[in-house]
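Here is the structure we will look at.
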Amino acid sequence: MSDLAYLSIAEASALIRGKKLSPVEWTQALIARVERYDGRLNAFLRFTPDIALKDAQRAEAEIIAGNWRGPLHGVPYGLKDIIDYAGLPTTAHSAILKDNIATADAFVTQKLRAAGGVFMGKLSTHEFAIGGPCFDLPWPPARNPWNRDYFCGGSSSGAGVATAAGFVPFAIGTDTGGSVRNPSTMCGVTGIKPTYGLVSRRGVFPLAFSLDHVGPLTRTVQDNATVLNVLAGHDGLDPGSVARPGTDYTALLKKGLQGVRIGWLKHFYHDDIKADPQMGAAVDDAIKVMQNLGAQVTEVKTLPLSQFQACNRIIMGSESYAIHQKWLRERPQDYGDITRQRFLYGAMYSASDYINALRMRTKFTADFHALFADVDVIVTASAHDPACRIDDQEACEFIYSRQARAPFNVTGSPAIAVPAGFSKEGLPLGIQIVGAPYNEATVYRVGAAYETEAAWTAQHPVLQA
Amino acid sequence: MDKLSAEDALEARRLAGQLGLNKLSEADLVKLLNAAHVANTRRSALDTSGLLPSDEPALVFRLPATGQML
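Top to bottom, those sequences are chains A and B.
Throughout, our numbering is defined as the position within the first sequence, counted from one, plus 2.
Throughout, our numbering is defined as the position within the second sequence, counted from one, plus 21.
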């Protein structure tokens with residue numbers, strides 16, 4: 003049996019179902035690991051070992067009685083602290099909401115509880131999923147498990163850290179301009195932003211209604227598809243939710259890349275914003291690996307990255323300001339400095355700026371999705387840079403906008419970040435694979451084939467107590 | 022820009038007042054002017070010159086189909 007801290011969901015689930023792994027013992031091992039190491043990483047904002055043990059005991063009793071619920075039964079997880087878990091505070095890592103007790107579970111929490119998951123706690127986030135890393139909040143920022151002096155990405159920072167550090171095999175994050183994929187790349191794990199509308203946002207504190215997505219972070223592509231199988235589904239109480247026939251997102255995982263048509267979106271990181279050489283080389287190398295596995299690679303072009311980014315930021319700024327305007331007027335000092343700055347951008351956009359960004363969004367989306375007439379997936383960079391030092395505010399601000407993730411919040415496309423090696427400083431590098439709407443299964447297929455060949459996910463950070 | 026000139030401070034305070042952001046600190050006024058600059062940059066970056074009057078925004082008002090709940 004692998005180290006309990008780094009068991010994949012697939013491995014653990016088979017063992018649990020076969021009664022060779024006790025969910026209680028697994029949970030106890032992970033609780034001990036969090037208690038030993040998280041004091042230096044701050045992945046958990048609210049650690050809930052008592053709830054975890056009760057969930058694990060319940061799961062174990064059910065499985066022994068022959069009532070196995072599915073692959074997440076008895077599997078520990080964490081939730082970004084903008085996602086409601088009834089009876090616990092949803093703070094958004096902010097003094098503004100420190101006493102905000104959730105009265106009901108979020109849709110995704112309901113799904114995970116119904117699947118028999120073991121809830122380990124609420125995870126750090128950048129304040130309101132936008133401002134970070136901040137050192138002037140009621141809780142410290144999460145830190146990169148590969149080197150705690152470095153930024154772990156965000157805004158689903160705790161989700162990335164907890165998954166990479168072996169505290170949980172999966173965590174749920176949210177993504178409005180890249181906030182699942184950024185910590186995935188910075189921490190060396192796998193995170194997907196599914197198609198807009200595939201996973202309900204009900205019970206998740208909004209950043210920007212039309213750009214917000216909920217998605218899982220895991221250590222393997224297969225595990226990611228397994229969690230999405232549980233999370234996806236129509237929710238009549240989320241106006242953005244889409245009713246779709248059920249899909250098994252694991253169905254194509256072992257199909258390989260023979261004959262798969264890959265569009266190489268090179269200009270995003272070679273020309274529009276030139277990536278750090280190590281990050282750029284990692285993406286280029288990944289393309290070669292895919293080609294060697296039998297994929298047909300052709301270069302594709304779309305609008306410049308700056309167009310998508312401006313569109314994303316104007317929409318995000320406008321929608322988030324509408325949510326935060328009252329608090330910014332009444333209690334601005336209760337926000338962290340970085341958060342307040344970022345929300346103030348939204349005060350500067352006019353109604354016509356917002357509406358024109360939405361009108362351009364229609365065009366950008368049509369233009370981008372037309373590429374899928376000729377390719378099955380598109381591969382590009384996720385982050386343009388490896389992690390910077392967490393105490394270097396200027397560097398954190400610099401890399402904040404140097405990324406190729408926001409375009410796919412604009413287009414609503416499914417997009418996954420997959421590890422693609424390490425920098426010479428030992429920090430993770432990554433790639434991004436993007437699909438046509440609702441074609442997560444093909445995105446996972448390509449991710450799984452690359453992951454198996456490259457084998458980066460076998461490496462784990464060495465933690466210090 | 023860490024500190025505002027008297028003229029800029031007056032302008033920033035006027036802008037904050039128009040927005041109802043009367044509780045911003047002096048340091049936040051710097052942020053507000055920075056936000057105006059960043060917003061202008063982003064606005065300029067988005068090329069909307071090709072939009073036609075009939076181009077609709079990505080989100081439009083939509084009623085549910087008959088029989089469905091809102």
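Glycine included, each C-beta is placed from N, C-alpha and C at the ideal position.
Backbone secondary structure at residue i - three-state DSSP
i	result
A/M3	With a pLDDT of 47 at A/M3, under the threshold of 50, the predicted position of this residue should be treated as unreliable, though the coordinate-derived value follows. Looking at A/M3 - three-state DSSP - the assignment turns out to be coil, as it is neither helix nor strand.
A/W70	coil
A/H386	coil
A/T300	strand
A/G20	coil
A/H326	helix
A/I85	strand
A/V182	coil
A/Y79	strand
A/R407	coil
A/Y152	strand
A/G348	helix
A/F374	helix
A/R221	coil
A/A419	strand
B/F82	coil
B/G38	helix
A/F310	helix
A/P140	coil
A/Q466	coil
A/A260	At residue 260 of chain A the sequence reads Gln, which differs from the Ala that was named. Residue state, collapsed to three classes: coil.
A/A457	coil
A/F270	helix
A/V285	helix
A/L230	helix
A/I401	helix
B/K24	coil
Sub-8 Å separation of residue i and residue j beta-carbons
i	j	result
A/V146	A/A385	For the record, residue 146 of chain A in the displayed sequence is Asn; it is not Val. For A/N146 and A/A385, no; Cβs fall outside 8 Å.
A/Y351	A/S308	no
A/V285	A/D378	no
A/G134	A/I401	no
A/P25	A/I392	no
A/P439	A/T127	no
A/A61	A/Q224	no
A/T228	A/V191	no
A/P416	A/V445	yes
A/L259	A/L295	yes
A/G193	A/A419	yes
A/V182	A/G217	yes
A/A94	A/E129	yes
B/P78	A/R361	yes
A/P430	A/C189	yes
A/P91	A/R48	yes
B/L36	A/P334	no
Within chain A, partners of residue i - CB distance below 8 Å
i	result
B/D76	R361, T364 and K365
B/L67	Q309, A312, C313, I316, N358, A359 and M362
B/A30	Result: empty, since nearest Cβ-Cβ is about 16 Å, beyond 8 Å.
B/A57	M350
Under 8 Å by beta carbon: chain B residues contacting residue i
i	result
A/I357	P78
Residue from the options with nearest C-alpha to residue i
i	options	result
B/K24	B/E47, B/L40 and B/L42	B/E47
A/T187	A/Y452, A/Q466, A/F169 and A/G423	A/G423
A/T178	A/G193, A/T367, A/R204 and A/S212	A/S212
A/R35	A/N102, A/L6, A/A12 and A/E13	A/L6
A/F270	A/A383, A/I316 and A/Q327	A/A383
A/W72	A/R115, A/Q293, A/L267 and A/I194	The amino acid occupying residue 72 of chain A in the given sequence is Gly; Trp does not appear at that position. That would be A/R115, whose Cα lies nearest to the Cα of A/G72.
A/N441	A/T165, A/W28 and A/I380	A/I380
A/G338	B/L45, B/R64 and B/T69	B/L45
Within chain B, the residues that residue i reaches when beta carbons sit closer than 9 Å
i	result
A/P334	L42, K44, L45, S46 and D49
A/S212	A79 and L80
A/L209	Going along chain B, no residue has its Cβ under 9 Å from A/L209, so there is no contact; the nearest lies around 16 Å.
A/Y351	A60, R63 and R64
7 Å Cβ cut-off: residues of chain A touching residue i
i	result
B/R63	A312, R315 and I316
Cross-chain neighbours of residue i in chain A, by beta carbon under 9 Å
i	result
B/K3	Residue numbering for chain B in the displayed model covers 22 to 91; residue 3 of chain B lies beyond these limits and cannot be assessed.
B/L72	N358, R361, M362 and K365
Contacts that residue i makes with chain B (C-beta to C-beta distance below 7 Å)
i	result
A/L330	L42
Flag this pair as touching only if the stretch 293–304 of chain A and the stretch 342–357 of chain A have three or more C-beta atom pairs under 8 Å; answer yes or no. no
Quick check: the stretch 120–134 of chain A against the stretch 46–56 of chain A, are there 3 or more CB pairs under 8 Å? yes
On the three-pair Cβ rule with 8 Å, is the stretch 273–285 of chain A touching the stretch 243–256 of chain A? no
Closer than 8 Å is the cut-off here; do at least three beta carbon pairs connect the stretch 147–156 of chain A with the stretch 103–119 of chain A? no
With a cut-off of 8 Å, do at least 3 Cβ pairs link the stretch 357–374 of chain A to the stretch 226–236 of chain A? no
With contact counted as at least three CB pairs below 8 Å, one residue from each stretch, are the stretch 38–49 of chain A and the stretch 14–25 of chain A in contact? no
Using a Cβ distance threshold of 8 Å, determine whether the stretch 313–327 of chain A contacts the stretch 202–212 of chain A, with at least three qualifying pairs required. yes
Assess contact between the stretch 73–89 of chain A and the stretch 165–177 of chain A, defined as three or more Cβ pairs (one per stretch) separated by less than 8 Å. Is contact present? yes
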